[in-house]
Every structure is written in C-alpha cells, then in structure tokens.
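Report on one structure; see the data block that follows.
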Amino acid sequence: SAQQQLIRASWQKVSANPLEHGMVLFSRLFDLNPDLLPLFQYNCKKFSTPQECLSSPEFLEHIRKVMSVIDAAVTHMENLHCLAEYLANLGKKHQAVGVKLEYFSTVGESLLFMLEQCHGPAFNMNVREAWTKLYSTVVETMACGWDV
Ligand code: HEM
C-alpha cells in the first residue's frame with residue numbers, strides 16, 4: 102500500500118545508521134520522561150544521568166535491539182502476525198523489568214521525533230500517520246504478553 106511504501110522509504114535512511122538514530126530516540130525519551138532512566142540497570146548499577154546511560158555499552162546494545170525490532174516490523178509489516186509470539190514474549194519481558202504500557206506511548210512520541218529530525222519537512226502528516234499505525238500495532242502485540 103501507499104502507507105507501507107512511505108514507511109519503507111523513510112526507514113531506509115534511519116536503518117543505514119541505527120545507533121545514531123536510536124540515540125536521538127532515547128535522548129528524547131529521557132527528556133520527555135527522566136523517570137524512565139532507573140529502569141535501565143546493568144549489574145545493578147543505576148545511572149545518575151541520561152548522558153551516563155547513553156554512553157554505556159549495555160544500553161547502546163539495548164538501542165540496537167530496539168532498532169532491530171522496528172526493522173523486523175518494517176520488513177514484516179504486511180504480515181505482522183508472524184512476529185506476534187515474539188512480540189508478546191518481548192512484552193512479557195518488559196513487564197518483568199518494570200515497564201508500564203503507558204511508557205510505550207512516550208517511546209512512540211520519541212520515535213516520531215527521531216524520524217522528523219532525520220527527514221525534516223519530508224516527514225509530513227501522511228508519513229506520520231503511517232508510522233503511528235505501525236508502531237501502535239507493534240505495541241498492541243507486545244501488550245498481549247502483559248498479565249493484568
Ligand atoms: C530488553 C527496558 C523499550 C526491545 C530490555 C531490558 C530492559 C529494557 C531493562 C533488559 C536489559 C537489556 O537487554 O538491555 C526497556 C524500557 C523501555 C524499552 C525501559 C521503554 C520505556 C523497548 C522497545 C523495544 C525493546 C520499544 C522494541 C520495540 C528490547 C529487546 C530486548 C530488551 C529486543 C532484549 C530482550 C531479550 O533479552 O530477549 N528492555 N525497553 N525495548 N528490549 Fe527494551
């Protein structure tokens with residue numbers, strides 16, 4: 102579809118440099134909600150600033166993980182249910198580390214921010230709407246792994 106084409110085209114530039122763009126996404130996330138910082142702990146060590154977190158190798162790995170999940174969603178967007186089990190299980194893991202479903206909305210806002218930074222005015226309403234739909238579907242599927 103036209104929307105899928107918009108997503109593919111806009112993801113190309115981002116996926117050429119996932120870490121760089123993922124850093125923009127997560128910097129924005131911590132700007133929007135600094136309370137998310139303590140959720141990231143490696144070897145029980147809490148980061149005291151977003152800068153410290155954003156320079157830790159383990160956190161950079163998490164950025165790569167997030168970008169590769171989005172990449173898989175873009176690759177399989179015609180047939181997202183093939184990722185359903187994986188995403189539900191991923192949701193379960195996030196619930197276990199203290200993530201609340203509402204945090205994923207802020208991640209979504211940060212994703213749109215990153216895409217807009219990357220594409221400028223080319224990131225218009227149509228592209229935004231297409232991404233909003235895809236990201237919502239990913240989050241809904243992750244939410245299937247949540248115990249209420
Ligand atoms: C793992 C936190 C959002 C993908 C983790 C871990 C933490 C975490 C603490 C375990 C340690 C690690 O692997 O680095 C968070 C928080 C989020 C968030 C606080 C948002 C507020 C996301 C999103 C995605 C994602 C949006 C993908 C769409 C992953 C993956 C793993 C992971 C693939 C590895 C799971 C595994 O080990 O099988 N996350 N995450 N995360 N996260 Fe996230």
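First residue of the sequence shown: 102, per this note's numbering; consecutive thereafter. All residues carry an ideal CB built from backbone N, CA and C; glycine is no exception.
- Between Q105 and A223, the C-beta spacing is not below 9 Å.
- Inter-segment contact for the region 149-156 and the region 200-210 is absent: fewer than three beta-carbon pairs are separated by less than 8 Å.
- Under the DSSP assignment, W232 falls in the alpha helix (DSSP H) whose first and last residues are M226 to A244.
- For the 9 Å CB-CB criterion, L216 and V198 do not form a contact.
- Distance from the CA atom of F214 to the CA atom of E203, rounded to whole angstroms, is 17 Å.
- Looking at the backbone, the Cα of T233 and that of K146 are separated by about 34 Å.
- When only Cα atoms are considered, H182 and A173 end up about 12 Å apart.
- Between I164 and M226 a beta carbon distance of about 28 Å is seen, past the 8 Å cut, so the two are scored as non-contacting.
- With a cutoff of 8 Å, Q218 does not count as near the ligand HEM, since its C-beta is closer than that to no heavy atom of the ligand.
- Between the C-alpha atoms of W247 and K166 there is a straight-line separation of about 20 Å.
- With 16 or more other CB atoms across the displayed protein chains lying within 10 angstroms of its CB, V115 is buried.
- Per the C-alpha coordinates, the member of A185, K193, Q218 and E159 positioned closest to T238 is A185.
- In the DSSP secondary-structure assignment, K193 is not bridged to any residue.
- By the beta-carbon neighbour count (other beta carbons within 10 angstroms, threshold 16), T176 is exposed.
- Taking the Cβ of T238 as the reference point, every heavy atom of the ligand HEM lies at 8 Å or farther away.
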